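Q: Residue numbers (the working numbering): 372 to 625. Below is one structure. I have some questions about it.
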């Protein structure tokens, strides 16, 4: 990119001022500095955390990203805020369950083969599971959902275990005592991103018991993110999926 810009300045097709704007790593909006080089550094564009931001801030950040033709994902957006944002930016799609806004401005595909399994213990955990699913899909990965397969009815998990085993990586979401990642971890050969949720009665301590269970799992290959962090679990899963797709398979030429 740098070489191309320098050539354009040299042949007069790009002014020095235009080149400076092209080379800026972020755009200062006053209340926020939009990181336009996030995708160049990390492979994925910046994601907007909607909680704590007012609709005007989300709109202005989104407009800055739209100029770069980036796909835009906004997480943790309640209904009323999403309604205001969508009135000004109607290209956003809002998903009420995951509380996400998504605008597709370019075709993103991360890996041509495989999929991520989103495995969710109970229906009450669906908001976190769908945040994970929508995040992975926004980054261009195929997702397969396996919901309401918690340990209270373990036979429901076994009904889908072959398809879960075939995934590149699984994001396993559970509240209450948080046992599901350990069970799945003992049945599959790929990495697991475990996501504890705040679903549960008093001794669940708003997800702390599930978090501690997952951190203390005796199953290997499990990594744990913070309570209710479906986005974080999916982001790490997408990175693993991308890496898995970059490794030549047996019989392939490098």
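Heads up, the beta-carbon is just placed ideally off N, CA and C, and yes, glycines get one too. All figures in this text were calculated on a predicted structure; none of them were measured in a lab.
Exposed or buried, which one is residue 478 when buried takes at least 16 other CB atoms within 10 Å?
A: With a 10 Å radius around the Cβ and a threshold of 16 neighbouring Cβ atoms, residue 478 comes out exposed.
Q: Confirm, please, whether the CB-CB distance from residue 559 to residue 527 is below 7 Å.
A: no
Q: At what residues does the alpha helix (DSSP H) containing residue 434 begin and finish?
A: 426-437
Q: Exposed or buried, what is residue 556 when buried is set at 16 or more other beta-carbons lying within 10 Å of its beta-carbon?
A: Buried is the call here.
Q: Roughly how many angstroms separate the alpha carbons of residue 475 and residue 457, rounded to a whole number?
A: Taken atom to atom, the span from the alpha-carbon of residue 475 to that of residue 457 is near 14 Å.
Q: Near residue 595, which residues of its chain fall below 6 Å by C-beta distance, leaving aside the five closest residues on each side in sequence?
A: Closer than 6 Å at the Cβ level, and outside the excluded window around residue 595, lie 565, 585, 586.
Q: How far does the beta strand (DSSP E) with residue 446 in it extend, from its first residue to its last?
A: 443-446
Q: Who are the Cβ neighbours of residue 403 in its own chain at under 6 Å, not counting the five residues just before and after it?
A: If you ignore the 5 residues before and after residue 403, its C-beta comes within less than 6 Å of the C-beta of 432, all in its own chain and listed in chain order.
Q: Strictly by DSSP, which residues pair up with residue 566?
A: 544
Q: Quick check on this structure: which residue in 580, 450, 533 has the alpha carbon closest to the alpha carbon of residue 545?
A: Of the candidates 580, 450, 533, the one whose C-alpha sits nearest the C-alpha of residue 545 is 580.
Q: Measure the Cβ-Cβ separation of residue 505 and residue 541 and say whether it is below 7 Å.
A: Going by C-beta atoms, residue 505 is not nearer than 7 Å to residue 541.
Q: By the three-class DSSP mapping on this structure, what secondary structure does residue 625 have?
A: Its pLDDT being 46, under 50, residue 625 is placed unreliably in this model, and the value from its coordinates should be taken loosely. Reduced to three states, the DSSP call for residue 625 is coil.
Q: In chain order, what are the residue ranges of uninterrupted alpha helix (DSSP H) at least 4 long that sit wholly in the segment 568-605?
A: 579-586
Q: Is it true that the CB of residue 507 sits closer than 7 Å to the CB of residue 605?
A: yes
Q: Let me know if residue 591 comes out buried or exposed under the rule of 16 or more other beta-carbons within 10 Å of its beta-carbon.
A: exposed
Q: Exposed or buried, what is residue 518 when buried is set at 16 or more other beta-carbons lying within 10 Å of its beta-carbon?
A: Counting every other CB atom within 10 Å of its CB across the protein chains shown gives residue 518 a total of 16 or more, marking it as buried.
Q: Do you know whose CA, among 562, 516, 500, lies nearest residue 598's CA?
A: Residue nearest to residue 598 within the set 562, 516, 500 is 500 (criterion: CA-CA distance).
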